[in-house]
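A.B. asks: This is the structure, below, for whatever I ask next.
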Amino acid sequence: MSQGKKERRGGIMCRVEHCSLQEPIERQWKHVDIVAPSIAPSLSVCWSSEGVGVFSLLVKGGHPKVKLLWAAGGHTLSSLVSNETEEIGDDGQRELKSVCALERSTSLPSRTNKQQERQKNKHAIKTKAAVTDPDAEGIEYIDEQVDGENNNIDREEDMNAEVDEDSDKEAVDDSGALHINRVNLSRGPRESERACMRVCVEITHAALKLPVYRTWTEPNEEMSSSA
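Numbering (our numbering), first residue to last: 3 to 229.
Structure (structure tokens):
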């Protein structure tokens, strides 16, 4: 058996010859450029009048694509659901925008029917409108679709009214709805104190030896006002 390797533009080709083979077998490994992404130095955040915080991070370029993991909490962090969109910027580079929405909670979860229903029917808001201006008219909670047997007549009437109202506005695909994460912040030793909220994003990429982190910490003024 004879085996030869030679480099070709864009990769390495391996050619194997053997008496049992009718013809040589070739396998080629294509070279893939690994380009480090450009990551924004900090997270952007805006708060709606309902107390929903919309956090976003912009990542430009990079090959292959980056992997993002959002987490938030007080003393301990829990993973969050985020929404990623891609577009080509003015400079021709691919831009990845990751958006994560959350609301604070200092009460322990209970098993009441009302809260169970709210947990089942996750809240969502319009992504583009929430990022540009969370206080703008038209940003409202919308419910995901659930089985018809779980909907009572009042809920169906409310949903129909919302559909009629939204039909006069620009139609937005359901895929553009942004999930709102509920972050539980436990109280401190004193009842009037609560843990400081932290939001963190872990960015991993083949060109990075170690993950890169972007963190937002709640200012003291907001803690005292919301305690």
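C-beta: ideal position from N, C-alpha, C; glycine also. Quantities reported herein were computed from a predicted structural model and do not represent experimental measurements.
Buried or exposed: V37, going by 16 or more other Cβ atoms within 10 Å of its Cβ?
C.D. replies: Exposed: under 16 other Cβ atoms inside 10 Å.
A.B. asks: Considering Cα atoms alone, identify which of L59, S40 and S81 is closest to N183.
C.D. replies: Nearest of L59, S40 and S81 to N183, Cα basis: S81.
A.B. asks: State yes or no: is the C-beta of E88 within less than 8 angstroms of the C-beta of L60?
C.D. replies: Cβ distance not < 8 angstroms, so E88 and L60 don't count as in contact.
A.B. asks: Are the beta-carbon atoms belonging to V101 and V56 less than 8 angstroms from one another?
C.D. replies: Yes, the pair counts as a contact, with Cβ atoms nearer than the cut-off.
A.B. asks: Is there at least one Cβ from chain B nearer than 8 angstroms to L212's Cβ?
C.D. replies: Looking for chain B here will not work: only one protein chain is present.
A.B. asks: Give me whichever residues DSSP pairs with I182 in a beta bridge.
C.D. replies: Beta-bridge pairing links I182 to A103.
A.B. asks: Counting only the same chain and skipping the five closest in sequence on each side, list residues whose C-beta sits under 6 angstroms from that of V68.
C.D. replies: The answer, listed in chain order, is P39, V61, I205 and H207.
A.B. asks: Nearest CA to the CA of A42: which residue from S58, K32 and C48?
C.D. replies: Cα-wise, what sits closest to A42 is S58.
A.B. asks: Around the Cβ of G64, are there at least 16 other Cβ atoms within 10 angstroms (buried) or fewer (exposed)?
C.D. replies: Counting Cβ neighbours within 10 Å, G64 comes out buried, since at least 16 surround it.
A.B. asks: Measuring alpha carbon to alpha carbon, tell me which of R216, A209 and V214 ends up nearest D35.
C.D. replies: Cα-wise, what sits closest to D35 is A209.
A.B. asks: Where does E19 sit, in a helix, a strand or coil, going by DSSP?
C.D. replies: Looking at E19 - three-state DSSP - the assignment turns out to be strand.
A.B. asks: Of all the options H20, M15, C48 and L180, which has the alpha carbon lying nearest to the alpha carbon of K234?
C.D. replies: Because the chain spans 3 through 229 in this model, residue 234 falls outside it and cannot be assessed.
A.B. asks: Taking the beta carbon of V83 as the centre, do at least 16 other beta carbons fall within 10 Å, making it buried, or is it exposed?
C.D. replies: By the 10 Å Cβ count, V83 comes out exposed.
A.B. asks: Near Y215, which residues of its chain fall below 8 angstroms by C-beta distance, leaving aside the five closest residues on each side in sequence?
C.D. replies: Around Y215: C202, V203, E204 and I205.
A.B. asks: Start and end of the beta strand (DSSP E) containing Q95?
C.D. replies: Note, Q95: premise wrong, no beta strand (DSSP E); not H, not E.
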